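Novice: The opening residue of the sequence shown carries number 3 in the numbering used here; numbering runs sequentially from there.
Provided herewith is a single structure, encoded as structure tokens, for subsequent inquiry.
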Amino acid sequence: MATTTPKRPDSPVSSGIEEHSIDWVPLSERHGKPRDVGAIWFVGSLNLTGMATGVVTLSMGASLLWTVVATVLGSLFGTFFMAFHSAQGPQLGLPQLVQSRPQFGYVGAALTVWVFAMVNYVSFNTSNALLSGQAVNTLTDLPNTAGYLIAAVVAAVLALYGYTWIHRVNQWLTWPFIVILAVITGTALFGGGLPDGVWKPGPFELAPFMLVFVFIAGFQLGWAPYVSDYSRYLRPDVSVRSTFWWTYLPSAISGIWVFLLGSVVSAGAPEGADPVTALQASADRLFDGFGDIAILVLFVGLLSIMAMNQYCGSLTMISIVDSVRPVKPTRNIRIVTIAIMMVLVAAISSFVGIDDFNWFYANVVVILTYLFIPWTAINLVDFFFVRRGLYVVKEIFNPDGIYGRWGWRGNLAYVIGLAAMAPFMVISDTYRGFAVDSLDGVDYSIFIGLPVAGAAYFLFARSLDLATERRLVEEEGLLATAHHSRAGGSVAGGIPRSTAPLGETTVSDTISPSRSEA
């Protein structure tokens, strides 16, 4: 007989260091409201790297006006898919990439998806490290390496405290950032630093326009591998619609804002200026010293996103190790993996250097975009159209379970999607697909990979035994309970085993999936 312990449904379980990592979040520990996610994704882009994104896009060959148009469209497009991933968090209560095991398999997900995700976190934090070092150097004359170490340690502490504290910090930063960023933007637009005729549209050229579009869409898609990590503590009766909109609008709006700020700042900066120097020169037009304030504000934003990358990189590293050898997701292993992230980023950023930031960052975003487009299509198709949010949670943590070690459907669909994109890819001067020249240099790969990978997986999934899987979902009683309560009826025609109210602790709540239990 299940025992119940009432628990306030919308209050944090603990204000200390987070205990969970890659395991399932019990219903008794779910808390918060969809609007809490909004602060995460609004503040997430308001930092030096977000501004540097706009600096890079203006160097791609389009005029400032056409860069603005491509930026807006790219952000709206890329954020659309990312926000649907966010809606998965409350439904499953699992980290984003753990949810890939049903499509790619227990081991297949580690090799096909998680390794690329790890590259994603390390690469973006390398870009963040380069800019944090430059920012601290500009403000204090400390060496760039010292600046990165200061930023990395602060971010690591926040990452260790985890989910609740990352949410809190972003909530605290939201309104101060809005006010100060508004002043910085007004200064950039009306402070007198822009050259005459900068807003003239000039001739429209599709190739550079699409480069900007794909770059910005890719930046927003880059959130997809970890977006539901920050919604997984929400209660499962939260609607997909509310989670989607509280992710989509804040992320798209703040992204567009800071990207365009970067482009405008770059348009008025001396030729060859790095993003930090360009921002300082622009903001100083309001009054001498305001440039330092602007750098400091966006540096604080950088600490937040560095913490988010370290947090999700830690979860991914634990998941990769767990796919090979059983690990217990303890606080100590989180400390170790966060430290490894710091060392990797320090080594790579020292090798790259701030002088090559634009080259490194531009290539990283584009390459990672290509790698994650097939995955996002497969993962979303599986969740919304194939399994419709119903998974056997304990089987996700069982290497010999119903999802298997190698999910041939997901892996084959991924390869097909990536292969279909290859002829249309453009990676600066490194790679041009054979179809690109015949298309006047335009990169259409994003419009190829999404439908091809998604359609291939949907076709392959027709052979899945979904009836048996849904019966196991009912027997387990974890997700069936949530969906039953939300829908007001039974799941797949049956009655869920556990019918305790969602705000109470039941025996099933205590299940913390691990390989040893599976």
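All C-beta atoms in this analysis are idealised placements derived from N, C-alpha and C, irrespective of residue type, glycine included.
Everything numeric in this text was worked out from a predicted model, so none of it was measured.
From this set, Leu75, Ala341, Arg390, which residue's C-alpha is nearest Phe221's C-alpha?
Specialist: Answer by Cα proximity: Leu75.
Novice: Taking Ala457 as the reference, which of Glu471, Val388, Glu476 has the closest Cα?
Specialist: Checked all of Glu471, Val388, Glu476; the closest Cα to Ala457 is Val388.
Novice: For Arg434, write down the residues that DSSP places opposite it in a beta bridge.
Specialist: Per DSSP, Val428.
Novice: Given this structure, state the Cα-to-Cα distance separating Tyr163 from Ala341, to the nearest angstrom.
Specialist: The straight-line gap from Cα to Cα measures roughly 14 Å.
Novice: Short of 8 Å in beta carbon distance, which residues of its chain neighbour Ile320, apart from the five on each side in sequence? Order them along the chain.
Specialist: Ser23, Ile24, Val329, Pro331, Ile335, Arg336, Thr339.
Novice: With distance defined between alpha-carbon atoms, name the residue in Val216, Asp402, Ser465 nearest to Val444.
Specialist: Checked all of Val216, Asp402, Ser465; the closest Cα to Val444 is Val216.
Novice: For Leu452, collect the residues of the same chain with a Cβ closer than 7 Å to its Cβ; drop the 5 residues on either side in sequence, then sort them by chain order.
Specialist: Only Ile375, Ala379 meet the Cβ criterion.
Novice: Taking buried to mean at least 16 other C-beta atoms within 10 Å of its own C-beta, is Ser430 buried or exposed?
Specialist: Flag for Ser430 reads exposed.
Novice: Which residues in the same chain as Gly18 place their Cβ atom closer than 6 Å to its Cβ, once the five residues preceding and following it in sequence are excluded?
Specialist: Cβ within range, chain order: n/a, list empty.
Novice: Going by DSSP in three states, Ser233 sits in which element: helix, strand or coil?
Specialist: Coil, per DSSP.
Novice: Under the rule that 16 or more other beta-carbon atoms within 10 Å means buried, what is Asp324, buried or exposed?
Specialist: That one is buried.
Novice: Report all residues from its chain with a CB closer than 6 Å to the CB of Phe118; omit the five preceding and five following residues, and keep chain order.
Specialist: So the qualifying residues of the chain are Leu373.
Novice: Identify which residue in Gly56, Trp225, Ala424 has its Cα closest to the Cα of Tyr433.
Specialist: Checked all of Gly56, Trp225, Ala424; the closest Cα to Tyr433 is Ala424.
Novice: Among the candidates Gly412, Val121, Gly270, Val71, whose CA atom is the shortest distance from the CA of Val347?
Specialist: That would be Val121, whose Cα lies nearest to the Cα of Val347.
Novice: Have a look at Leu263 and Gly303 and give me their C-alpha separation to the nearest angstrom.
Specialist: Approximately 15 Å, taken between the alpha carbons.
Novice: Assuming Leu286 is part of the alpha helix (DSSP H), what are its boundary residues?
Specialist: The sequence given here has Asp at residue 286, not Leu. From DSSP, Asp286 is part of no alpha helix (DSSP H); its letter is neither H nor E.
Novice: Applying the criterion that 16 or more other CB atoms from any shown protein chain within 10 Å of the CB defines a buried residue, is Pro498 buried or exposed?
Specialist: Low per-residue confidence applies at Pro498: pLDDT is 33, beneath 50, and the placement is therefore not dependable enough to give any value.
Novice: At a cut-off of 7 Å, is Gly76 close to the ligand GDP when judged by its beta-carbon and the heavy atoms of the ligand?
Specialist: With respect to the ligand GDP, the structure offers nothing, as it holds no ligand at all.
Novice: Determine the burial state of Glu20: buried for a count of at least 16 other Cβ atoms within 10 Å of its Cβ, exposed for fewer.
Specialist: Label assigned to Glu20: buried.
Novice: For Ala158, tell me which candidate among Ser447, Phe79, Phe359, Met343 has the shortest Cα-Cα distance.
Specialist: With distances taken between Cα atoms, Ala158 lies closest to Met343.
Novice: Look at the alpha carbon of Asn139 and the alpha carbon of Ser351, and state the distance between them as a whole number of angstroms.
Specialist: Cα-Cα distance, rounded: 15 Å.
Novice: State the Cα-Cα distance for the pair Gly52 and Trp43, rounded to the nearest angstrom.
Specialist: If you take the alpha carbons of Gly52 and Trp43, they lie about 12 Å apart.
Novice: Quick one, which of Ile448, Phe385, Ala422 has its alpha-carbon nearest Ala468's?
Specialist: Checking the sequence shown, residue 468 turns out to be Leu, not Ala. Out of Ile448, Phe385, Ala422, Phe385 has the C-alpha closest to the C-alpha of Leu468.
Novice: What number of angstroms, rounded off, separates the C-alpha of Val171 from the C-alpha of Ala161?
Specialist: Going by the C-alpha atoms only, they are around 11 Å apart.
Novice: Just checking my contact of Val57 with Ala280 at CB under 8 Å: how many whole Å lie between their CB atoms?
Specialist: Rounded, the Cβ-Cβ distance is 6 Å, consistent with contact.
Novice: For a test of the three-state rule: what should DSSP assign to Met423, helix, strand or coil?
Specialist: Helix.
Novice: May I ask which residues mark the beginning and end of the alpha helix (DSSP H) holding Thr51?
Specialist: Run containing Thr51: 50-60, per the alpha helix (DSSP H) assignment.
Novice: Per DSSP, what kind of secondary structure is Phe399 in: helix, strand or coil?
Specialist: The answer is coil: DSSP assigns Phe399 none of H, G, I, E or B.
Novice: Spatial neighbours of Gly293 within its chain, please: CB distance less than 6 Å, with the 5 preceding and 5 following residues excluded, ordered by chain position.
Specialist: Closer than 6 Å at Cβ, skipping near neighbours: Gln282, Ala285, Asp286.
Novice: Should Phe206 be labelled buried (16 or more other beta-carbon atoms within 10 Å of its own) or exposed?
Specialist: Exposed.
Novice: Measure the alpha-carbon distance for Val299 versus Gly135 and round it to whole angstroms.
Specialist: Each residue's alpha carbon lies about 14 Å from the other.
Novice: Using only alpha-carbon positions, find the residue among Thr55, Val260, Asn311, Leu175 that is nearest to Phe359.
Specialist: If we check each option's Cα against that of Phe359, Thr55 comes out closest.
Novice: Is the separation between the beta-carbon of Phe462 and that of Ala422 shorter than 8 Å?
Specialist: Result no, Cβ atoms of Phe462 and Ala422 do not sit closer than 8 Å.
Novice: Hey, would you say Val354 sits closer than 8 Å to Leu474, going by beta carbons?
Specialist: Cβ atoms of Val354 and Leu474: not closer than 8 Å.
Novice: With burial defined as no fewer than 16 other Cβ atoms inside 10 Å of the residue's Cβ, what is the status of Val155: buried or exposed?
Specialist: The residue is exposed, with fewer than 16 neighbouring Cβ atoms inside 10 Å.
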